[in-house]
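Visitor: Chains as they are written, first to last, in the numbering used here: chain S, 533 to 660; chain G, 533 to 660.
Protein chains: 2
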Amino acid sequence: MTRQRQLIYNIIAAAPEHRTAEEIYDLARAEMPTLARGTVYRNLGLLVRDGEIRKLEMADAPARYDREKRPHPHLVCQVCGRVEDLPAPEGLLEPFAAARGVTLTGYDLKLYHVCPACRGFRNDTRQE
Amino acid sequence: MTRQRQLIYNIIAAAPEHRTAEEIYDLARAEMPTLARGTVYRNLGLLVRDGEIRKLEMADAPARYDREKRPHPHLVCQVCGRVEDLPAPEGLLEPFAAARGVTLTGYDLKLYHVCPACRGFRNDTRQE
DNA sequence: TATTTTTTAGGAATCAATCCTAAAAGAAGG
DNA sequence: CCTTCTTTTAGGATTGATTCCTAAAAAATA
C-alpha cells in the first residue's frame, strides 16, 4: 500500500461526498503536491476493482466516487448534479429481474429530482 | 427539419438497436457522405432535448441512443455491453421515491447481467 | 424571389481518462 | 539495514468522445 493510494482512499472514506477524480486530485495535492493526476485515476480504478469504493458514472459529467461499498441507488439533482445515497430497495429489483428470467449481477439506479436548494424552497418535504 | 436531421432520426427510429453516435454517423455517411460528425452529435442532442429519442449513458463506453421515448429500464450485458429495453416497472420506483419525500423527475435504471451469448450457453432461460 | 435565420461541413479544441517510461518506492529475505 | 525483485510513481504525451468555431449553404419567412 503506497502513501499515494492510502491518501486517495482516506479522502474518499472520510466524507460522504461523491467526489470527482479531479476534486480528489485537488484535495490530495494539498497534502502531496507532487501527486500525479494519472496516479489518482489509476488508484481509483484499483480501489474500485478491489471493491473498496464504488464508481458512479454520471450523465454528461465526470464520474464520481462513493465510499459506500454496498450496492444502493442514488438521488441526483438534475440542476446542480449533487448526489445523495439512498437505502437499498430490498427485494424490489430482484423479483423484477427474476420475473424476466434474468440473473442479476448488479444494478445502477439513479433517481432524478430537483434538490431544495435548486428549487429555491426552504420548506421542502424531504426528511433526513 | 433538415435532411441531415431527418436521416439521423430515421436511422434511430428504424431499429431497436441502441447505437452509439459513431455507429449512427457511419450508417448515415453511407447515404450522405459529406455529413459531418459534429452535425450528428448536435442533432442527437437536439432530438434528445425535444424528447424524440433518449440518450443512454453507458459505463466506461460511449453513449447510446434509444428510439423509445417513454422512460424504461435497460438490461445491459456486463461482458459485451449489449443493451435491451425492459418494460417500465409500473408503480415500483414512484412509491420508493415518495416514501422518502422525493418528487421524481426521472430515473435511470440499468440491470446488469451476462447475456446468453457471453455465458456460452444456448439453453438459457430467458424468454423473448 | 429577396431577406432573415438556422444549420451545415470541416476542422480545431476541449475534457475526462488512459498510456508510456525512466526513476523511485515498496516488499521480501537474510 | 543491504540487496534484489517487483510494483508504483511523476510527468507528460496520447486517446477517444464530444463540443466548439466559422464561413458557406440551406431552410424558413416574407
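Don't be surprised by glycine CBs; every beta carbon is placed ideally from N, CA and C.
(1) For A593 of chain G, which beta-bridge partners are listed by DSSP?
(2) For L578 of chain G and K601 of chain G, what's the separation of their Cα atoms in angstroms?
(3) Where does C647 of chain S land, buried or exposed, given buried means 16+ other C-beta within 10 angstroms?
(4) For chain S, check one thing: does any of its Cβ atoms lie closer than 8 Å to the Cβ of G613 of chain G?
(5) So H645 of chain S and C609 of chain S are in contact, right, with Cβ under 8 Å, and what is the actual spacing, rounded?
(6) If Y573 of chain S and A546 of chain S are in contact, beta carbons under 8 Å, what's the gap, nearest whole angstrom?
(7) According to DSSP, is G577 of chain S part of a helix, a strand, or is it coil?
(8) Tell me whether the beta-carbon of L636 of chain G lies closer than 8 Å to the beta-carbon of P605 of chain G.
(9) Do D506 of chain G and H550 of chain G have their CB atoms nearer than 8 Å?
(10) Contact criterion: CB-CB distance below 8 Å. Does G638 of chain S meet it with respect to chain G?
(11) Quick one: complete beta strand (DSSP E) runs, 3+ long, within the region 612-640 of chain G?
(12) To the nearest angstrom, how far is it from the Cα of E660 of chain G to the Cα of I585 of chain S?
(13) Using a C-beta to C-beta distance shorter than 7 Å, which residues of chain S count as neighbours of H550 of chain G?
(14) Sort S:V634, S:A595, S:A620, S:L539 by Cα distance to A568 of chain S and report the nearest one.
(15) Taking 8 Å as the cut-off, decide whether the C-beta atoms of L643 of chain S and L624 of chain S are in contact.
Guide: Concretely, from the data shown:
(1) G:M590
(2) 14 Å
(3) Counting Cβ neighbours within 10 Å, C647 of chain S comes out buried, since at least 16 surround it.
(4) Chain S contact via Cβ: absent.
(5) Confirmed, Cβ separation roughly 6 Å.
(6) At roughly 20 Å, the Cβ-Cβ gap does not stay under 8 Å, so Y573 of chain S and A546 of chain S are not in contact.
(7) helix
(8) No.
(9) The question about residue 506 of chain G has no answer here: the residues shown for chain G are numbered 533 through 660.
(10) yes
(11) 615-617
(12) Bear in mind that a pLDDT of 33 at E660 of chain G, under 50, signals an unreliable position, so the number given afterwards is only what the model happens to contain. Distance between the alpha carbons of E660 of chain G and I585 of chain S is about 36 Å.
(13) Result: empty, since nearest Cβ-Cβ is about 15 Å, beyond 7 Å.
(14) When S:V634, S:A595, S:A620, S:L539 are compared, the shortest CA-CA separation from A568 of chain S is found for S:L539.
(15) no
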